[in-house]
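Peer 1:
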Amino acid sequence: MGSALETLCGQAFGAGQIEMLGVYMQRSWIILVASSFLMCPIYIFATPVLKLIGQEDEIADLAGHFTISIIPQMFALAFNFPTQKFLQAQSKVVALAWIGFVALLLHIALLALFIFVFGWGLGGAAAAFNVSAWLVSLSQVAYVVVCCKDGWTGLSWSAFRDIWAFVRLSLASAVMLCLEVWYMMILTVLTGHLDNAEIAVGSISIW
2 MGSALETLCG
12 QAFGAGQIEM
22 LGVYMQRSWI
32 ILVASSFLMC
42 PIYIFATPVL
52 KLIGQEDEIA
62 DLAGHFTISI
72 IPQMFALAFN
82 FPTQKFLQAQ
92 SKVVALAWIG
102 FVALLLHIAL
112 LALFIFVFGW
122 GLGGAAAAFN
132 VSAWLVSLSQ
142 VAYVVVCCKD
152 GWTGLSWSAF
162 RDIWAFVRLS
172 LASAVMLCLE
182 VWYMMILTVL
192 TGHLDNAEIA
202 VGSISIW
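Position 97 of the sequence shown, counted from 1, bears residue number 98 in the numbering used here, the numbering being contiguous throughout.
#1: Out of curiosity, what's the CA-to-CA distance linking L63 and F82?
#2: Just checking my contact of V145 with F87 at CB under 8 Å: how many whole Å lie between their CB atoms?
#3: Less than 9 Å between the beta carbons of L111 and A128, yes or no?
#4: Would you identify the three-state DSSP class for A216, choosing helix, strand or coil?
#5: Closest to K52 by C-alpha separation, out of F115, A61, T8, would be which residue?
#6: What distance in whole Å lies between the Cβ atoms of C10 and L22, which are believed to be in contact at a cut-off of 8 Å?
#7: Check each candidate in Q27, Q89, A77, N131 and name the one with the smallest Cα separation from E7.
#8: Are the beta-carbon atoms of A104 and S140 separated by less than 9 Å?
#9: Between the C-alpha atoms of G55 and L188, what's the straight-line distance to the nearest angstrom?
#10: Buried or exposed, going by whether 16 or more other CB atoms sit within 10 Å of the CB of W1?
#11: In three-state terms, what does DSSP make of R169?
#12: By a C-beta neighbour count over all protein chains shown, 10 Å radius and 16 as the cutoff for buried, is Y184 buried or exposed?
#13: Looking at the secondary structure, which residues open and close the alpha helix (DSSP H) in which G65 lies?
#14: Note down, in chain order, each residue of its chain lying with its Cβ closer than 7 Å to the Cβ of I69, except the 5 sequence neighbours on either side.
#15: Near I116, what residues of its chain come up, given a Cβ to Cβ distance below 7 Å and the 5 sequence neighbours on each side ignored?
#16: First and last residue of the alpha helix (DSSP H) that includes L97?
#17: For the alpha helix (DSSP H) that L156 lies in, which residues bound it at each end?
What follows is the structure in C-alpha cells.
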C-alpha cells in the first residue's frame, strides 16, 4: 500500500519540491500503519485458517505461533518502506547500505544468541526478526531527521490530506505485488501436503 510513494517522491524530487518528500513519506506511514492493524487478524488466526485448508496440525501450530510473534516486525516495515523510498528518491543509498549491513550482522548475532544460547527456538528467530526490523526502521528515520533537513521539515498535518487519492494510486501496485508473493506462498502451502511435510516446506522455503 505504499507503492505510490516511489512515483510521488520521484516526481517531487524531479520538480524541485523537496519539502513534499517528507509529507508523502508521512502519508505513507499513516496508510501502512493502518493497513498493518487491518492485517493483524490474519496473523493472529493463521493457525485455524491453515488447519481449515488441510494443513498438518504441527506445521499449522508452528506457523501460527511464528506469525503472531512477528506482528511487531510488520509495523516496523510500515516505517521502513516509506523511509527507504524517501532516501532512494534523493539517491542517498549509501546510508541504506550501511544500515542494512549493520542490521545483518546484528541479526546473525541475535539469531545465535536467542536460538542457541537462550534456547528459544522458533520464538527466538521471531524475536531476532523483530529487533532487526525495528533497528533498520528507527535507524533510517533517525538518519532522515538528522541528515535530510531539506526533505524533512517535521511532522505535518498535510500528511492527512488526499489520503484516499494516495490509497487509490497504491491499490493497483499492491494487488500486483500481492499476487507475486501469494504465488510463492501457495507453493509453500501445497508443499505442506506432501510426505515429510516439514522437510518439504523447509526445502522450498530455502529455494
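Even for Gly, the Cβ is constructed at its ideal location relative to N, Cα and C.
Peer 2: This is what the structure holds:
#1: 27 Å
#2: 6 Å
#3: yes
#4: Only positions 2 to 208 of the chain appear in the structure, and residue 216 is not among them; the question remains open.
#5: A61
#6: 5 Å
#7: Q89
#8: yes
#9: 14 Å
#10: Because residue 1 is not part of the residues shown, which for the chain are 2 to 208, the question remains open.
#11: helix
#12: exposed
#13: 58-70
#14: Y44, I45
#15: G122, G125, A126
#16: 94-112
#17: Premise fails: L156 is in no alpha helix (DSSP H) and is neither H nor E.
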